[in-house]
Each structure stands twice: as C-alpha cells, then as structure tokens.
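Participant: Let me give you the structure first, and then I'll get to my questions.
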Amino acid sequence: MDQRKRSRNRNTRKRRANRRLEYEDEGPSTSAQNAGSNDSWTMESDIPGYSFDPKTNKYFKILTDAPGQPKNSTASHFREKKEEEKRLQRLAEARKCGTSNLDLLATLMKRQMGISHERLLQRNVIETRLRNVVTRIQQASPDQIIDRSGYAPKQCRFAQILEDGGKLVTCWAVKRVATAAQIFEPVQLTVLYPHYRKMCSGEQKLTFEVEDLVPVYAKGNVTSNFEVVEFKGISCLLYVQQCAENDGSIGVKSTAKFRTIDSIIDCKHAHRNTGVEVKLLDRDDSSEKVVTQIAFNPNQSRIAIATACRFNHALFGDIENERYQTFFKDNDVFNPNRILSLNLDKYSNIAYVGTKKRGMASYDLRTNALNKPVLVYEKKKAINWIRRLERTDNEIVTSCYNGELKLWDTRINKSPVRTFESNIETYFSLPCYVDRMERFVFSSALDGSVRGWSLQTGEKMFEMACPWKVEHVKQDIPHVLYAENWIGTGEHSAVVLAGRNRLHSFDLPLHS
C-alpha cells in the first residue's frame with residue numbers, strides 16, 4: 001500500500017517537472033511579439049504585469065518603458081490608448097449635441113422680468129456663449145502656419161491677442177541650429193490678422209491670413225518667457241535673447257529685447273527701428289547664468305529677472321541705469337530650488353516669485369533685504385505660472401505642477417479665495433490664459449482636454465477635447481486664446497487653440 005502511494009507521488013512529481021520544463025522552453029508571450037498582429041487587447045487583466053487579448057484569449061507580458069519598444073507593448077502605450085479613447089468619446093458626445101441646451105432667450109427674459117440687473121445680464125450672456133463652445137467643435141477647420149519657403153514650425157511657445165483684437169502675436173519654436181560655439185534654438189515671430197470668411201452654409205468663420213506669411217527669426221537663443229508690453233507708448237514683444245560675443249570668446253551676453261510689433265509686421269525694411277535692447281548679463285559663461293524669467297512694469301520702468309543653471313537668483317532694477325539688486329538667492333548646487341515664475345505688482349513694490357520646491361513668496365523690494373519674504377503661499381508646491389489681475393492689485397492667479405489653478409488674495413496666505421477644480425494632474429508646465437476683460441481663466445491638459453472657468457464664480461464653463469491626438473498633445477500642449485472683440489468690432493467672440501503649427505478657431509455667435 002505504501003509502495004503504490006510512493007509510486008503515485010513519484011509519477012506526479014515527474015509530470016509537474018515535465019510541465020515546468022515545457023513552460024520554460026516555450027516562455028511566456030510578450031506584447032512585443034504580437035504588437036503588429038492585434039491592437040484590441042487592453043491593459044486590464046487578472047494577472048499583474050500581463051495584458052489580455054480577448055480575440056486570441058491569451059495573456060501577454062507588459063514590457064518596461066524604454067526607448068525602442070514596439071507599439072502596444074508597454075504600460076505607457078496602454079495608458080495613451082486609454083486617453084485617446086476618452087478623447088474620441090468626448091468628441092463623439094460633442095458632435096451628438098447638435099443644438100445647445102443652454103437657452104439665451106431664457107437669460108434675456110430674466111432681464112425683461114427684472115430678475116437680473118444690467119451687469120449680471122451681460123455676464124450671463126457671455127458665460128452662456130462660452131459654454132456653447134463644445135457644440136462648435138465639429139465646425140473648426142485649422143489654419144496651418146507655413147512661411148513662403150514651405151517650412152512649418154514645430155511648437156507654439158507664445159500667443160497673445162493685442163488690445164484692439166485686430167492682431168495676434170505668436171512665437172513658434174523651430175529646429176535647433178548647431179554652431180561651433182553652442183546650440184541655438186531659433187524662434188519664429190509672426191503677427192497674424194484675423195478676419196471672417198463666409199462659409200457655404202451662410203455662417204461666418206474666423207480665420208487668419210497665413211498665405212503671405214513672412215516670419216521674423218529672433219537672433220540668438222531665446223531663454224525666457226514672452227510678454228506683450230507697452231514700452232514708451234509702443235506695443236512691444238519682450239523676451240531675453242542670449243548671443244555669443246563677436247570677439248570669439250566663450251562668453252555670451254544676455255539682453256532684454258523690446259521688439260516693436262510694427263517691426264515684426266514690416267520686416268522687409270531693415271532700416272526700420274526694431275526696438276530697444278537692455279543689457280542684463282554681459283560676458284558670462286552660458287553654463288553659469290541663463291535668464292529664464294522676466295517681468296516688466298511699464299508704469300515704473302522697473303524690470304525683474306530670474307537666472308538659473310548653476311545658481312538660482314532673482315534680481316530687480318531700473319532699465320534706465322541698468323543696475324540690478326538681488327532679492328532672492330539659492331546657491332544649493334545639489335538640491336537647487338529653481339525659479340519657475342515671476343511677476344510684479346502694480347507699483348513695482350512687491351515681487352511674486354514661484355519656485356519649484358517652496359511654493360510662491362512675495363518680496364518687498366523697498367526693504368533691500370535678501371531672502372526675506374513677506375508672505376509665503378503654497379509652501380510645498382511648485383508654482384509655474386503667476387498672473388496678476390489688473391482689476392484689483394490684490395488678486396493673483398497661480399498654477400501648480402499638479403494642475404491646480406487657484407485665485408489668491410495677496411493679503412491672505414493661509415487659503416486661496418477660489419480653487420478651479422477638475423484639471424488633470426501633471427508634471428509639465430501647462431499653458432494658462434486669462435482673457436483681457438479678466439472674466440475667465442483657461443488651461444490645457446495632457447489628456448487632450450481644454451477647460452475654462454469663470455473667475456467671478458469659479459464655475460467650470462466648458463470642457464472639450466483637442467482636435468489632435470493625445471500623443472501629439474504631449475509633444476505640443478495647445479495654447480488657449482479667447483476674445484470677445486476679434487477684428488476689433490466687439491461683435492465676434494471665439495476660442496482659438498494654437499499648437500502643432502495650426503490655429504483652430506471655435507466661433508461663438510450670439511444665436512448659438
């Protein structure tokens with residue numbers, strides 16, 4: 001009896017060993033081996049680390065994220081596929097909404113019945129028009145930015161509407177240019193003119209004149225942010241350019257360039273006044289100091305800059321005497337606290353500095369103190385965008401790396417006045433935008449969505465999907481623009497997305 005039992009156990013062990021050897025010889029299937037044959041399997045499965053294909057009823061091993069891996073073989077590929085499916089679902093839902101559920105007639109009837117006063121009525125009408133942008137997504141046709149030589153830029157770095165609404169200033173990144181001294185990243189500056197074109201259906205479509213586009217390329221390496229400012233009564237584009245010295249040395253000079261908008265438009269005349277140059281850093285090694293942020297107050301002619309690379313400093317000064325004083329200094333080489341955003345108040349007495357590890361802090365420039373902030377906001381978050389509202393000098397809007405948008409009263413640092421929720425978490429600097437009338441704030445996200453909120457109520461106005469794929473959104477996050485007076489008439493309202501060398505316009509007529 002015991003002998004038969006030992007024999008059965010021995011045969012069982014042999015069968016298990018043979019099955020184990022067969023499994024090891026064959027090896028588990030991976031997603032890379034079947035990436036080209038089937039795209040229908042999903043990442044979810046009851047076995048961790050494996051994906052399931054419902055067509056073949058097999059499990060495939062998910063490979064690690066590394067360059068050169070086949071498509072549909074890594075976890076990041078499955079996440080992108082899921083985000084793309086969500087984007088297409090949002091597009092399909094927007095196309096199903098042929099007519100808007102928001103009735104403007106009911107809003108106007110409130111004024112007739114005495115429920116809304118004049119200012120509230122105007123705000124309700126404008127907000128209702130903005131909510132209807134999701135119903136216009138199928139009517140958006142892009143305008144491609146291509147110059148006369150047939151060259152198209154690769155990424156949008158800046159876009160701003162001028163006050164009259166008749167010009168759109170854009171800056172596009174182009175391919176790198178390598179020289180013997182260093183590598184430059186040229187920037188293409190363009191000014192576009194919006195106009196309305198009548199469609200076959202009888203509606204008017206906002207478009208831009210790009211047929212005879214003559215771009216202007218900024219000299220040197222543009223290292224800072226862009227900003228449209230008024231300098232001595234002239235509209236200028238402010239940025240910092242870094243150029244090599246003419247004497248052949250390794251040093252470079254950083255200059256704040258006030259490029260006039262007229263010189264960008266009329267670039268054919270070389271003798272035309274292109275603007276003013278203000279020297280910031282002269283004959284410095286490019287690996288030591290790079291000006292990453294710049295803020296300018298035209299009322300006081302005061303400028304503030306932030307430098308990065310080896311050390312992180314923030315300086316301010318007057319552009320007339322070109323003397324600068326340091327009010328923020330971080331010399332920690334091993335654990336640097338980089339400056340991500342910078343802004344000045346209305347009278348240039350307070351500077352707001354957003355850093356990577358210590359949130360945002362306000363510094364009183366009248367005290368001549370170093371590293372002594374007055375107030376600190378969001379101590380452990382990275383503030384990558386600061387926008388001061390002109391309507392009141394005590395309100396600022398900030399954006400964090402986790403996607404949070406907040407409205408602050410600068411006199412209170414304990415909690416924000418309002419939080420604009422439902423933005424996606426990310427570790428990229430997302431483009432944010434506040435319209436000129438300071439009614440709304442907009443932001444893009446890596447999931448291919450564009451969202452807008454009301455600054456007065458904090459309510460989310462709309463959420464729509466980008467017209468291009470999610471994988472392209474990660475390479476070029478779209479810039480959102482909104483204006484109520486396109487072409488300067490005050491009758492045309494539209495939302496414009498700038499990205500992938502294209503401009504997508506979403507018209508918001510009153511009767512939508």
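In this text, residue positions in the sequence shown follow the UniProt record's numbering: the first is 1, and each later residue adds one. We treat Cβ as the ideally placed atom computed from N, Cα and C, and that holds for glycine.
1) Which ranges does the beta strand (DSSP E) cover as unbroken runs of at least 3 residues, wholly within the stretch 310-356, from first to last along the chain?
2) With the cut-off set at 8 angstroms, would you say ALA218 and PRO194 are in Cβ contact?
3) With a CB to CB cut of under 7 angstroms and the five nearest residues on each side skipped, what residues in its chain are close to LEU407?
4) Counting along the chain, where does the alpha helix (DSSP H) carrying ILE386 start and finish?
5) Which first and last residues belong to the alpha helix (DSSP H) in which ASP266 is found?
6) Output the boundary residues of the beta strand (DSSP E) element that contains ALA369.
7) Do VAL229 and GLN241 have their C-beta atoms closer together than 8 angstroms?
8) Applying the criterion that 16 or more other CB atoms from any shown protein chain within 10 Å of the CB defines a buried residue, is ALA180 buried or exposed?
9) Out of ARG197, LYS86, ARG323, LYS357, which one is the CA nearest neighbour of SER301?
10) For PHE327, tell me which candidate among GLU84, PRO70, ALA304 has the shortest Cα-Cα distance.
11) Just to confirm my understanding: we take TYR347, look at its own chain, exclude 5 residues before and 5 after, and list those with CB closer than 7 angstroms. What are they?
12) How many Å lie between ALA92 and HIS504 at the Cα?
13) Please report the residue range of the beta strand (DSSP E) in which VAL174 lies.
14) Could you check how far apart the C-beta atoms of PRO142 and ARG502 are, in whole angstroms? I think they sit under 8 angstroms.
15) What separation, rounded to the nearest whole angstrom, lies between the Cα atoms of ALA494 and GLU484?
16) Could you give the first and the last residue of the continuous beta strand (DSSP E) run that contains MET464?
17) Taking ILE145 and THR190 to be in contact with their CB atoms under 8 angstroms, please state how far apart those CB atoms are, rounded to whole angstroms.
18) Please determine, among GLU277, VAL252, LYS253, ALA244, the residue with the shortest C-alpha to C-alpha distance to ARG259.
19) With which residues is ARG502 paired in a DSSP beta bridge?
20) Counting C-beta neighbours from all protein chains within 10 Å, is the total for ASP507 16 or more, i.e. buried, or is it exposed?
21) Under the rule that 16 or more other beta-carbon atoms within 10 Å means buried, what is VAL133, buried or exposed?
22) I need the DSSP call for HIS472, collapsed to helix, strand or coil.
23) Is the beta carbon of LEU430 sitting closer than 8 angstroms to the one on SER449?
24) ILE477 by DSSP, collapsed to three states: which one?
25) Just how far apart, CA to CA, sit PRO336 and ASP330?
26) Measuring alpha carbon to alpha carbon, tell me which residue in ARG411, ALA445, ASP447, PHE440 is nearest GLY458.
27) Between the alpha carbons of ILE153 and LYS175, how many angstroms are there, rounded?
28) Nearest to GLU421 by alpha carbon, out of ILE294, VAL291, LYS460?
29) Here's the rule: buried if 16 or more other CB atoms are within 10 angstroms of the residue's CB, otherwise exposed. What is GLN325?
30) Please report the distance separating the alpha-carbon of LEU315 from that of ARG87.
31) Under 6 angstroms Cβ to Cβ from SER7, same chain only, skipping five residues before and after it: list those, please.
32) Using only the alpha-carbon positions, how far apart do VAL376 and MET360 sit?
33) For ALA256, I'd like the list of residues in its chain whose CB is within less than 6 angstroms of its CB, leaving aside the five on either flank, ordered along the chain.
34) LYS356 and LEU340: beta carbons closer than 8 angstroms?
35) Give the range of the beta strand (DSSP E) segment to which THR190 is assigned.
Facilitator: Inspection of the coordinates gives the following:
1) 312-318, 323-330, 339-344, 350-355
2) no
3) GLU395, VAL397, PRO416, VAL417, ARG418, LEU455
4) No alpha helix (DSSP H) holds ILE386; the beta strand (DSSP E) holding it covers 383-388.
5) From DSSP, ASP266 is part of no alpha helix (DSSP H); its letter is neither H nor E.
6) Careful: ALA369 lies outside any beta strand (DSSP E) and carries neither H nor E.
7) No, the pair does not count as a contact, with Cβ atoms beyond the cut-off.
8) Model confidence at ALA180 stands at a pLDDT of 48, short of 50, so the residue's coordinates are unreliable; what they give is reported in the following sentence. Exposed, because fewer than 16 other Cβ atoms sit within 10 Å of the Cβ of ALA180.
9) The shortest Cα separation from SER301 among ARG197, LYS86, ARG323, LYS357 belongs to ARG323.
10) Measuring from the Cα of PHE327, the nearest candidate turns out to be ALA304.
11) Within the same chain, TYR347 has close Cβ partners GLN300.
12) 18 angstroms
13) Secondary structure note for VAL174: it is in no beta strand (DSSP E), with a DSSP letter that is neither H nor E.
14) 4 angstroms
15) 7 angstroms
16) 460-465
17) 7 angstroms
18) That would be GLU277, whose Cα lies nearest to the Cα of ARG259.
19) GLN144, GLY499
20) buried
21) Buried.
22) helix
23) no
24) coil
25) 7 angstroms
26) PHE440
27) This sequence places Pro at residue 153; Ile is not what is there. When rounded, the distance between both Cα atoms is 8 angstroms.
28) LYS460
29) It is exposed - the Cβ of GLN325 has fewer than 16 other Cβ atoms within 10 Å.
30) Their Cα atoms are separated by approximately 43 angstroms.
31) Closer than 6 angstroms at the Cβ level, and outside the excluded window around SER7, lies no residue.
32) 6 angstroms
33) VAL240, VAL278, LEU280
34) yes
35) THR190: member of the beta strand (DSSP E) spanning 187-192, first to last residue.
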